Ligand code: SF4
Ligand code: SF4
């Protein structure tokens, strides 16, 4: 299959149209984190769109180097909200990745390893599938019938289980009912979608949905920003919420009482999955404001304009991911913060690395951890 035929057949049917709508105005440059770090035209939205256009028109050959430019996009959507022509760059990039996979074009090396882990172990880290619920007490490692399921997500299950345990202790104190899939839980499918592996993600989501139905689950609540984005986009038959939305409700209902002071100047980091993708801006701020002694600060660019930490590139280009996180950490330190709060486990890991690399003393914490200190 020629390259031109590949892209015409796979994505030109309407889905590639945005590549031809782009007016090349460059308004997206200032908001693109990968461009900010590299100053390379092929690393910003305009450059990536023009690359795709050239490939679609058969004028540019799709080399491994250019493929990597398409995979270096964070999918953060900052360009899309700033594009006067309404080009949905992220959607276009995801279509291109799907088309490339459909045509048998190899993933970047680290992407291939990620795919192997997701398909083999049901998580991106290559950790044992059967040990997913090892962080839970024995009675929660197997699901039972309940309306609400706490979907821990891969990062909480394998890398940040302390946050998961804090979530459960706060919910138990509030006296609410829930189940977990425990050892049977699998990835939500978001990392496979980012790789362009749409069919594999569909299969995985099918298994997740069948489990939710089997146990009478109607509402999925997760402490992971990537998961809530995925659930809201692809699991429409279930209500889906991020844990901070539920916790903010429980504080309002006075079922959770933050009473112990947390004397910190905390800057809230929106994150792209929580913000632009899932539209969750106020609940984490409400929680932080409810904590006595905590002073809430804001970045210059917040909410819809919030800048990505680089986290989505951790599995593909860890060096660039680290540089972006370092940049964000310096911005936080310049604002006078002594802590960064996030509601995304990926941002948490990447920003912790960035804060260290930037030689700041910033304490990077999940919103849940700060609430826990005030409640228990
Ligand atoms: S802002 Fe939109 S129209 Fe302008 S160069 Fe970027 S993608 Fe193209
Ligand atoms: S989605 Fe983010 S990383 Fe990708 S081109 Fe747009 S601003 Fe840049």
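In this note's numbering, the protein residues as written are 6 to 381. The C-beta atom is built at its ideal place from N, Cα and C for all residues, glycine as well. Nothing here was measured: the structure is a model prediction, and the numbers come from that model.
Which residues DSSP lists as bridging residue i, in chain order
| i | result |
| --- | --- |
| residue 273 | 346 |
| residue 154 | 184 and 225 |
Contacts around residue i, its chain only, beta-carbon distance under 6 Å, and the 5 residues preceding and following it disregarded
| i | result |
| --- | --- |
| residue 190 | 137 |
| residue 73 | 113 |
| residue 166 | 140 |
For residue j and residue i, believed in contact at Cβ under 8 Å, the rounded distance
| i | j | result |
| --- | --- | --- |
| residue 5 | residue 192 | An answer regarding residue 5 cannot be provided, because it is not within the stretch 6 to 381 covered by the chain. |
| residue 330 | residue 315 | 5 Å |
| residue 102 | residue 201 | 3 Å |
| residue 317 | residue 199 | 7 Å |
| residue 119 | residue 69 | So it is not a contact: roughly 17 Å between Cβ atoms. |
| residue 179 | residue 348 | In fact, because the Cβ distance is near 18 Å, the residues do not count as touching under 8 Å. |
Neighbourhood of residue i by C-beta, 7 Å cutoff - its chain only, sequence neighbours within 5 removed
| i | result |
| --- | --- |
| residue 194 | 206, 209, 210, 235 and 239 |
| residue 141 | 185 and 187 |
| residue 355 | 314, 315, 316, 319, 326 and 330 |
Cβ neighbours of residue i in the same chain (closer than 8 Å, five flanking residues each side left out)
| i | result |
| --- | --- |
| residue 71 | 47, 56, 60 and 65 |
| residue 151 | 182, 183, 184, 220, 221 and 222 |
| residue 233 | 227, 245, 246, 247, 278, 279, 283 and 285 |
| residue 170 | 140 |
Residue i - DSSP class collapsed to helix/strand/coil
| i | result |
| --- | --- |
| residue 34 | helix |
| residue 404 | Nothing can be reported for residue 404, as the shown portion of the chain is limited to 6 through 381. |
| residue 244 | strand |
| residue 302 | strand |
| residue 29 | coil |
| residue 249 | helix |
| residue 373 | helix |
| residue 368 | strand |
| residue 236 | helix |
| residue 130 | coil |
| residue 283 | coil |
| residue 380 | helix |
| residue 193 | coil |
| residue 352 | helix |
| residue 160 | helix |
| residue 105 | helix |
_contact_flag[the stretch 252 to 272, the stretch 296 to 309] where n(CB pairs < 8 Å) is 3 or more_ = yes
_Three or more C-beta pairs under 8 Å: does that hold for the stretch 247 to 265 against the stretch 305 to 313?_
no
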